[in-house]
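Trainee:
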Amino acid sequence: MISYIEPVFRPPSEGRSLILQVTNGCSWNKCTFCDMYTQEQKKFRAKKPDEIEAEIKYAAQRVMPVEKVFLADGDAMVLPTGRLKGILEQIKQHLPWVRRVSSYCLPRNLNKKSIEDLAELKSLGLEMVYVGCESGDDEVLEAVSKGETYESQKEALLKLKAAGIKTSVMILNGLGGAKRSAQHALNSARLMNECQPEYLSTLVVSFPLGEERLKQGFNGDWSLPDQHGLFEELYQFIDALELKNTVYRSDHASNYLPLKGTLGADKALILGQLDQAINAPGSIRLREEWQRGL
1 MISYIEPVFR PPSEGRSLIL QVTNGCSWNK CTFCDMYTQE QKKFRAKKPD
51 EIEAEIKYAA QRVMPVEKVF LADGDAMVLP TGRLKGILEQ IKQHLPWVRR
101 VSSYCLPRNL NKKSIEDLAE LKSLGLEMVY VGCESGDDEV LEAVSKGETY
151 ESQKEALLKL KAAGIKTSVM ILNGLGGAKR SAQHALNSAR LMNECQPEYL
201 STLVVSFPLG EERLKQGFNG DWSLPDQHGL FEELYQFIDA LELKNTVYRS
251 DHASNYLPLK GTLGADKALI LGQLDQAINA PGSIRLREEW QRGL
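Under our numbering, the first residue of the sequence shown is numbered 1, with each subsequent residue one higher.
1) How is G177 classed by DSSP in three states: helix, strand or coil?
2) Kindly indicate which three-state DSSP category M170 falls into: helix, strand or coil?
3) Let me know the secondary structure DSSP gives G261 once reduced to three states.
4) So, under 8 Å CB-CB, L241 and N173 are touching, yes? Tell me the CB distance rounded to an integer number of Å.
5) So does the stretch 52–66 actually touch the stretch 227–239, counting three or more Cβ pairs closer than 8 Å?
6) Assuming G176 contacts S135 under a Cβ cut-off of 8 Å, what Cβ separation, rounded to an integer in Å, is found between them?
7) So for T246, helix, strand or coil by DSSP?
8) Distance, Cα to Cα, W222 vs A178?
9) Going by DSSP, what residue range makes up the beta strand (DSSP E) through L241?
10) Can you list, in chain order, the residues of its chain with a C-beta nearer than 6 Å to that of S201? Leave out the 5 residues immediately preceding and following it.
11) Name, in chain order, the residues that DSSP records as bridge partners for R100.
12) Taking G229 as the reference, which of Q196, G217, P281 and A268 has the closest Cα?
13) Tell me E134's beta-bridge partners as DSSP assigns them.
14) Using a C-beta cutoff of 7 Å, does L243 count as contacting chain B?
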């Protein structure tokens, strides 16, 4: 059987994928904005190779054939390249109908791998990784204990592009708080412009377990922008983007205004919707608080 240590998280676009939990939890697990992997629930460990192989073989016999596999939990890419190669080879051998394998990843772990390592993983089926950059602003990244910088994230994203692996990048609307909203938006846009990801999404930062842990990194000087402020920040971010062909989505439940399009072709359309939400909120359909499912 396939065993999971709950809770299990995956991107919205992996809803029809086989979730293969090759690690438990997050190898970093220090970000003060993240309540996904608490130490009490999800102490990090890598699953043993024989356990993974047994689950892949089980899926081949008992699970309806699926075209996509998602390697969970928070950062399967922390595994050594040899271990990842073995997993991908087993998927090819036992699940030959799978056409795409993907994973969450942390830039720091990608930067331990060479472009050649990543290209080899791509050749074995790793087509896309989801990178939670969250922000491109160094002050914000340090305050939330992300363990990354603008440059470390840029290095990882460009390395993935050189290896031919597609990237889906996440930026957190509101992460810098009201005081640092503009620098968070503009530096995040600068990072995206330099790296040109294939996919980009924005989520509103949220705190199911409360904001106190995050506020400590800002010395208490942090408050989430109100709905109007979140729209203004997102407008600044989108307006500063110079993307050539990036699929953009803000369809996560946390967003008040679902948006979608291709940047830059649909940039003016998306900015128009945001302008409407800022200046005439009653004329555009927004999610109510209860609809955000947080």
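Where is the CB? At the ideal position from N, CA and C, for every residue including glycine.
Remember, predicted model here, so these are calculated numbers, not experimental data.
Mentor: Quick answer:
1) Looking up residue 177 in the sequence shown gives position 177. Three-state DSSP puts G177 in coil, outside helix and strand.
2) As a working mapping, residue 170 is identified with position 170 in the sequence shown. M170: strand per DSSP, three-state reduction.
3) Here residue 261 corresponds to residue number 261 of the sequence shown, with the count starting at 1. The answer is strand: DSSP assigns G261 an E or B state.
4) Taking the first residue of the sequence shown as position 1, residue 241 is located at position 241. Taking the first residue of the sequence shown as position 1, residue 173 is located at position 173. With 8 Å as the limit, L241 and N173 do not qualify as a contact, their Cβ atoms being about 14 Å apart.
5) Output reads no: the stretch 227–239 does not touch the stretch 52–66.
6) Translated into the one-based positions of the sequence shown, residue 176 becomes position 176. Translated into the one-based positions of the sequence shown, residue 135 becomes position 135. With a beta-carbon spacing of about 7 Å, G176 and S135 fall inside the 8 Å limit used to define contacts.
7) Within the sequence shown, residue 246 is the residue found at index 246, counting from 1. Note: T246 maps to strand in three-state DSSP.
8) On the sequence shown, position 222 is the one that residue 222 refers to. On the sequence shown, position 178 is the one that residue 178 refers to. Approximately 7 Å between the Cα atoms of the pair.
9) In the sequence shown, residue 241 corresponds to position 241, counting from 1. Per DSSP, L241 belongs to no beta strand (DSSP E) and is neither H nor E.
10) Your numbering for residue 201 matches position 201 in the sequence shown. Excluding positions up to five away in sequence, the list reads M170 and R249.
11) Translated into positions along the sequence shown, residue 100 becomes position 100. As a beta-bridge residue in DSSP terms, R100 pairs with K68.
12) Counted from its first residue, the sequence shown places residue 229 at position 229. The residue with the shortest Cα to Cα distance from G229 is P281.
13) Along the sequence shown, read from residue 1 onward, the residue named residue 134 stands at position 134. I171.
14) In the structure shown, chain B does not exist; there is a single protein chain.
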